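Only one structure is covered here, and it is reproduced in the block below.
There are 2 protein chains.
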Amino acid sequence: MEILKANVEKFNQLKQDCGTHSPSLQMMEYYFGPLWKKPIDACFIRNPLATDLFLSYMVEDIKDTNFFERLVCSYPSQNQQIAEIISNAIAYDFKKIFVGNGATEIIQAVIHKFCNKIVIMLPTFSPYYEFSQDVEYYYLKAENQFQLDVNHYLSFVKASGADSIAIINPNNPTGSFISLGTVEEIIENLQHLSCIILDESFIHFAYDNPHFDFLNHQYIAEKYSNVVLVKSMSKDFGIAGLRAGYALMNPKRVRFLLDSGYLWNSNCFSEYFFKLLAQDNFRESYERIRKKYIRMIIDFYQRVLLINNINVYETFSNFFLIELSKIKSIELTAELYFRYGIYIRACNDKLGLSGEYVRICVGREDENQYVIESLGDLLGHKS
Amino acid sequence: MEILKANVEKFNQLKQDCGTHSPSLQMMEYYFGPLWKKPIDACFIRNPLATDLFLSYMVEDIKDTNFFERLVCSYPSQNQQIAEIISNAIAYDFKKIFVGNGATEIIQAVIHKFCNKIVIMLPTFSPYYEFSQDVEYYYLKAENQFQLDVNHYLSFVKASGADSIAIINPNNPTGSFISLGTVEEIIENLQHLSCIILDESFIHFAYDNPHFDFLNHQYIAEKYSNVVLVKSMSKDFGIAGLRAGYALMNPKRVRFLLDSGYLWNSNCFSEYFFKLLAQDNFRESYERIRKKYIRMIIDFYQRVLLINNINVYETFSNFFLIELSKIKSIELTAELYFRYGIYIRACNDKLGLSGEYVRICVGREDENQYVIESLGDLLGHKS
């Protein structure tokens, strides 16, 4: 137990050194040594079933050594040529698609070029405020389940004097979701703004009916010229290493960004991913996996509800925000890691969260089973 | 022959549509259909032996499915963490290394952030003038073998009022090389400039002794705080698809660039490459391949000298600039492609070249043999 205590302190220090980004599992292993043969990474957000799908295609394709050689040695296509590939995948005019070296590059470019003062909801994904020079925070309240009070928000934005807002929907780390109707109501009421960033990086995990039909909000970017719809591929497709993301925006903005750089900003592996995405059979396989994974998320929720001494927030994403009542987030995270080999996200650094919170990402079936059992061991079960 | 004539015209049109970048072989195949089972790409610049080396390592490593999964699904490290990896490979302080999503990103960032008015030598790699707002051209002369007249150049730069210059050494498309002593003389005389870009993307093919020892000019970036030494990995390591490049510059400039973005601009495959580069055994294998390839370049030169009706410029890179006396560059390029399946670079679009020039990259042994034979067929042999 003394060792554990010392490790909690060391972990706390490492976490503080990492600022607003939690140490990755790799960093933990580097720092504390390889304690576990196969640790479970429930900190990192991604759909692992989709990673498997992508890998199965890639392993097959690179058996052709000529193909593999070209992937490695050729120059990738230019931004607008990759936009044409994406255009085939999502049925959207390529002149309105801007391709990023990951969504992070896009978020940064859009904030730097199109936003002066921006309203950011808290808690949220930290790059939104890290990239911004002039930010006004709008606090979502735990007692409202981090749900948005639309009228209050609209008044706040109007009074703030900001020219921009960012809506991350579903939100991270809360998992809360704003319905399409409400999103449109907000946008409709904020047409005086120059830029509305709508980040739908987690939208593939959200649903509004029991069939889990794909929620396609693209027409919003088409309809409102001040909207920039950002889409990361890292979480839903589980391919963060490739750096693939795009944004839908009015074509003048696409042109402006291209003129200020970003012409050759993709690599051949992200281009390869987008070419897969443009294939019907890949999208159909992915669609099955997406729905299967949503069922796994719901199943996880049912089981985590039975754990004692926690408050789980409902999610429309692939992770759960959990409030702790009897243990500090750093302690639970350390206990899970050092005693069980499970790495979760301690949220003690998250602006806009007061209290003890952790975020747990849904993994593969057997991983989820083990995570639930371990949480039960540590925190007890509801009677 | 009628078909060939029509194709020459179509090719000419396609080339004009591509502006300052020649159509890639892939684009040719897309446009004209798959005419050849295995066409030879002597347009694209890279060392194919190095691509093979990289692929042999990667094929071995990704047999470990956990490793492959991490490569695809994990976030790459941040800029300065990758700089630390490079630091181990090249023995240079990581705080003075800026990592780019390909050298092109670096060239653009450096020109936009540190250069107001820049002197560019012509002919050269087109992004240098495409990214620049205010350019003064310095023309290298064919009658001087495109060699630099240092005193004339220094007077020109001083009279221009420019605050920046770019020296691509060895130069593209000429292959000409400025010795280290001369480079340092130039820099020494231009200490009033705010930025001297020294692009050594082809330096691995240059040599100044019969052992072909690696030319390490890094100390120049260390010694002169206005120097930015740019290094692409695409050509020498044959991995353009990965997007890997770095630049050595004073640490304040590195910090400035990181503060304006570029924090997460690499992908896991380029990070993987740099990790290989930091391995002694990889660098040793590469070193053998680099020297072998230089011998192949010299061998190519000896044989191309025997072809009639051309003037070959001496090179310290892995391609040859060739002046044609009896045929237009577009025609020779089309004939080689449509009749022999060899794709070379017609240089009729290159600023600063007047006359008919093509550029031919050195490939694998059997490819070089076939290229020489085909050129002999078309142009004849010296008697």
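Read top to bottom, the protein sequences are chains A and B.
Under our numbering, residues 679 to 1061 are what the first sequence spells out, in order.
Under our numbering, residues 679 to 1061 are what the second sequence spells out, in order.
Every residue gets a Cβ at the ideal spot worked out from N, C-alpha and C, and that includes glycine.
Computed from a prediction, not measured in an experiment: that's the story for all the values here.
Close Cβ partners of Gly-839 of chain B (< 7 Å) along its chain, the five nearest in sequence each way excluded:
Working through the second sequence from its first residue, we reach residue 839 of chain B at position 161. The answer, listed in chain order, is Lys-795.
Between B:Asn-904, B:Pro-851, B:Leu-893, B:Asp-891, which has its C-alpha nearest Gln-869 of chain B's C-alpha?
Position 191 of the second sequence, counted from the start, is the residue given in the question as residue 869 of chain B. When each option's Cα is compared against that of Gln-869 of chain B, the closest is B:Asn-904.
Test: Arg-921 of chain A CB closer than 8 Å to a CB of chain B
On the first sequence, position 243 is the one that residue 921 of chain A refers to. Taking Cβ atoms only, chain B reaches closer than 8 Å to Arg-921 of chain A, which makes this a yes.
Could you please tell me which residues of the region 777-802 of chain A, in chain order, have their CB closer than 9 Å to any CB of chain B?
Asn-779, Gly-780, Thr-782, Glu-783, Gln-786, Ala-787, His-790
Let me check understanding here. Comparing Cα to Cα, which of A:Arg-966, A:Glu-1043, A:Arg-961, A:Phe-732 lies closest to Asn-766 of chain A?
One-based indexing of the first sequence puts residue 766 of chain A at position 88. For the residues A:Arg-966, A:Glu-1043, A:Arg-961, A:Phe-732, the minimum Cα distance to Asn-766 of chain A belongs to A:Arg-961.
Reference Ile-875 of chain A; option with closest CA among A:Ile-784, A:Asp-695, A:Tyr-1021:
Position 197 of the first sequence, counted from the start, is the residue given in the question as residue 875 of chain A. It is A:Ile-784.
Check this for me: beta carbons of Phe-792 of chain A and Ser-700 of chain A, under 8 Å apart or not?
Taking the first residue of the first sequence as 1, we reach residue 792 of chain A at position 114. Taking the first residue of the first sequence as 1, we reach residue 700 of chain A at position 22. No, they are not a contact pair.
Given Lys-1060 of chain A as reference, the closest of A:Ile-985, A:Phe-824, A:Tyr-1035 once Cα atoms are compared
Your numbering for residue 1060 of chain A matches position 382 in the first sequence. When each option's Cα is compared against that of Lys-1060 of chain A, the closest is A:Ile-985.
So, are the CB atoms of Tyr-1035 of chain A and Ile-1005 of chain A less than 8 Å apart?
The residue you call residue 1035 of chain A lines up with position 357 of the first sequence. The residue you call residue 1005 of chain A lines up with position 327 of the first sequence. Against a cut-off of 8 Å, the Cβ pair of Ile-1005 of chain A and Tyr-1035 of chain A comes out as no contact.
is_contact[Cys-1025 of chain A, chain B] using C-beta, thresh 8 Å
As a first step, residue 1025 of chain A must be located in the first sequence, where it is residue number 347. Chain B, which has no Cβ nearer than 8 Å to the Cβ of Cys-1025 of chain A, makes this no.
Along the chain, which unbroken stretches of the alpha helix (DSSP H) at least 4 residues long are found entirely within the region 779-841 of chain B?
781-792, 805-808, 828-838
Nearest chain A C-beta to Gln-750 of chain B closer than 8 Å, yes or no?
As a first step, residue 750 of chain B must be located in the second sequence, where it is residue number 72. One point to set straight first is that residue 750 of chain B is Val, not Gln, in the sequence displayed. Interface residue, yes.
Quick check on the burial criterion: 16 or more other C-beta atoms within 10 angstroms. Buried or exposed for Cys-696 of chain A?
Residue mapping note: residue 696 of chain A aligns to position 18 of the first sequence, counting from 1. The residue in question, Cys-696 of chain A, is exposed, as its Cβ has fewer than 16 Cβ neighbours within 10 Å.
Nearest-angstrom Cα distance between Val-1065 of chain A and Ile-775 of chain A?
There is no way to answer for residue 1065 of chain A, as the model of chain A reaches only from 679 to 1061.
Going along chain A, which residues have a C-beta under 7 Å from Ala-732 of chain B?
If you number the second sequence from 1, residue 732 of chain B lands on position 54. Note that residue 732 of chain B is Phe in the sequence shown here, rather than Ala. Correct list: Val-750.
In the DSSP assignment, find the beta strand (DSSP E) that holds Ser-910 of chain B and state where it starts and stops.
For the purposes of this step, residue 910 of chain B is taken as residue 232 along the second sequence, with counting starting at 1. Where Ser-910 of chain B is concerned, the enclosing beta strand (DSSP E) stretches over 905-910.
Just mark Arg-966 of chain B as buried or exposed, buried being the case when its beta carbon has 16 or more other beta carbons within 10 Å.
The sequence position of residue 966 of chain B within the second sequence is 288, counting from 1. Arg-966 of chain B should be labelled exposed.
With a cut-off of 8 Å, does the C-beta of Asn-757 of chain B fall near any C-beta of chain A?
Position 79 of the second sequence, counting from 1, holds the residue named residue 757 of chain B. Cβ-Cβ to chain A under 8 Å: no for Asn-757 of chain B.
Neighbour-count burial assignment, Asn-744 of chain A, 16 or more Cβ in a 10 Å radius
Position 66 of the first sequence, counted from the start, is the residue given in the question as residue 744 of chain A. So Asn-744 of chain A counts as exposed.
Tell me the residue span of the beta strand (DSSP E) that contains Cys-873 of chain A.
Taking the first residue of the first sequence as 1, we reach residue 873 of chain A at position 195. 873-877 is the span of the beta strand (DSSP E), which, as asked, contains Cys-873 of chain A.
Going by beta carbon distance, what residues of the same chain come within less than 7 Å of Thr-698 of chain A, once the five residues before and after it are set aside?
Residue mapping note: residue 698 of chain A aligns to position 20 of the first sequence, counting from 1. Ser-804, Glu-808, Asp-1027.
Beta-carbon separation (whole angstroms), Thr-729 of chain A vs Gly-853 of chain A, contact threshold 8 Å
Working through the first sequence from its first residue, we reach residue 729 of chain A at position 51. Working through the first sequence from its first residue, we reach residue 853 of chain A at position 175. With 8 Å as the limit, Thr-729 of chain A and Gly-853 of chain A do not qualify as a contact, their Cβ atoms being about 21 Å apart.
At what residues does the alpha helix (DSSP H) containing Ile-1000 of chain B begin and finish?
On the second sequence, position 322 is the one that residue 1000 of chain B refers to. No alpha helix (DSSP H) holds Ile-1000 of chain B; the beta strand (DSSP E) holding it covers 997-1002.
Is the Cβ of Trp-942 of chain A closer than 8 Å to any Cβ of chain B?
Residue mapping note: residue 942 of chain A aligns to position 264 of the first sequence, counting from 1. Judged by the 8 Å Cβ criterion, Trp-942 of chain A is in contact with chain B.
Hey, Asn-779 of chain B and Arg-921 of chain B are a contact pair by Cβ (cut 8 Å); roughly how many whole angstroms apart?
Here residue 779 of chain B refers to the residue found at position 101 when the second sequence is read from its first residue. Here residue 921 of chain B refers to the residue found at position 243 when the second sequence is read from its first residue. Sure, about 5 Å apart at Cβ, within 8 Å.
Bounding residues of the beta strand (DSSP E) (the contiguous stretch that carries Ala-925 of chain B):
As a working note, residue 925 of chain B is residue 247 in the second sequence. Element bounds for Ala-925 of chain B: 923-926.
Counting Cβ pairs, one atom from each stretch, are 3 or more of them under 8 Å apart for the region 1038-1056 of chain A and the region 1007-1019 of chain A?
yes
From Ala-884 of chain A to Thr-782 of chain B, what distance separates their C-alpha atoms?
Mapped onto the first sequence, residue 884 of chain A falls at position 206. Mapped onto the second sequence, residue 782 of chain B falls at position 104. The alpha-carbon atoms of Ala-884 of chain A and Thr-782 of chain B are separated by roughly 38 Å.
According to a CB-to-CB cut-off of less than 8 Å, which residues of the region 805-828 of chain A neighbour chain B?
none
Coil, strand or helix - Ile-1022 of chain B by DSSP:
The count along the second sequence starts at 1 and reaches residue 1022 of chain B at position 344. Looking at Ile-1022 of chain B - three-state DSSP - the assignment turns out to be coil, as it is neither helix nor strand.
Under 8 Å, do Phe-732 of chain B and Ile-865 of chain B count as touching if we go by C-beta distance?
On the second sequence, residue 732 of chain B is found 54 positions in, with the first residue counted as 1. On the second sequence, residue 865 of chain B is found 187 positions in, with the first residue counted as 1. For Phe-732 of chain B and Ile-865 of chain B, no; Cβs fall outside 8 Å.
Just to confirm, is the Cβ distance from Asn-725 of chain A to Lys-913 of chain A under 8 Å?
By one-based count along the first sequence, residue 725 of chain A stands at place 47. By one-based count along the first sequence, residue 913 of chain A stands at place 235. For Asn-725 of chain A and Lys-913 of chain A, yes; Cβs fall inside 8 Å.
Buried or exposed: which applies to Pro-754 of chain B, given that a residue is buried once 16 or more other Cβ atoms fall within 10 Å of its Cβ?
Residue 754 of chain B sits at position 76 when you count from the first residue of the second sequence. By the 10 Å Cβ count, Pro-754 of chain B comes out buried.
Nearest-angstrom beta carbon gap, Ser-995 of chain B and Pro-848 of chain B [assumed within contact, 8 Å]
Position 170 of the second sequence, counted from the start, is the residue given in the question as residue 848 of chain B. Position 317 of the second sequence, counted from the start, is the residue given in the question as residue 995 of chain B. Right, the Cβ-Cβ distance comes to about 4 Å (below 8 Å), so this counts as a contact.
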